[in-house]
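A short worksheet on the structure shown next.
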Amino acid sequence: MLGRKKETNGKSPARLEDGPFAGSAHAVAQRLLDVGLDGGAGFSSAQQIADDALRAHPMPEEAIDAIVTAHRKLAAVGGFVTGLGGFVTMPAALPANVLEFYLVATRMVGAIAAVRGYQLSNPSLRTAVLLTLVDADAGAVMQKAGVVSTGRLASLASQRLPAPALMVVNKAVGFRLVGQVSGRMLPNLGRGVPLAGGVVGAGLDAYLLNKIGKDARREFPPRT
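Just so we're aligned, residue 841 is where the sequence shown starts under the working numbering, counting upward by one.
Here's what the structure looks like:
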């Protein structure tokens, strides 16, 4: 887990790790990596998306623009998760539409990283992709896991972190995603997605994806 269990004094809220979502947080993170980056069931991998974009747009930045645009459209359509079998039927604490959003976001970030020259098979790089989804909390997540941040998230790819450390970080990201939804998702928003500080409704998925896309461009600079 993320450190030892501490006794509460009545003032500190219970940690998400110790709550009802502990069993699903790691599963959410792992599925986002497995399906979002590697693809499956007709859902193209992030590497395939990057390759296709570069064939259509040889200039990397134009390819990234096309990737972000395509994923905004995909998120707006929605409904594709039902065709991904185990991904939607797994014991997760996220509504299907939110799973869709994060799946799209994971693939988009992975494709941007691939266009910039990063290897998506690198376990540390895959964790960096997940961390981009919780950009504002990435530093806190790494600190809790005992991982030293050396600047941009892409730097994780060169650290060769041990598998147990990566698993802790991945699970912590899962907790953040589940926690945002469990605490802030309004049931009457049919297309709502979580946002730090509140919830946004239908039609604003593009805003969130644009923000994540900008974060990905910053965190994964072109490899030299």
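For glycine and all other residues, C-beta sits at the position ideal for the given N, C-alpha and C. This one's a predicted model, so the numbers in the text were calculated from it and none came from an experiment.
In this model, F1060 and V955 are separated by some 10 Å (Cα to Cα). Measuring C-alpha to C-alpha distances from A1046 to each of R1057, V944, A867, A881 identifies V944 as the nearest.
Beta-bridge partners of G880 (DSSP): F883. By the Cβ-count criterion, A980 is exposed, with fewer than 16 other Cβ atoms from all chains shown falling within 10 Å of its own Cβ.
Taking the C-beta atoms as reference points, G1053 is found nearer than 8 Å to I952. Under the rule that a run must span 4 or more residues, the alpha helix (DSSP H) segments found entirely inside the stretch 942-972 read 963-972.
About 7 Å separates the CB atoms of R947 and H911; that is less than 8 Å, so the two are in contact.
Taking one beta carbon from each stretch, the stretch 969-977 and the stretch 893-906 have fewer than 3 pairs nearer than 8 Å; the two do not touch.
Per DSSP, reduced to three states, the secondary structure at G1053 is helical.
One Cα belongs to D1055, the other to A865, and the distance between them is close to 23 Å. Around the beta carbon of K1011, 16 or more other beta carbons lie within 10 angstroms, which makes this residue buried. Taking all protein chains shown into account, S964 has 16 or more neighbouring C-beta atoms within 10 Å of its C-beta and is therefore buried.
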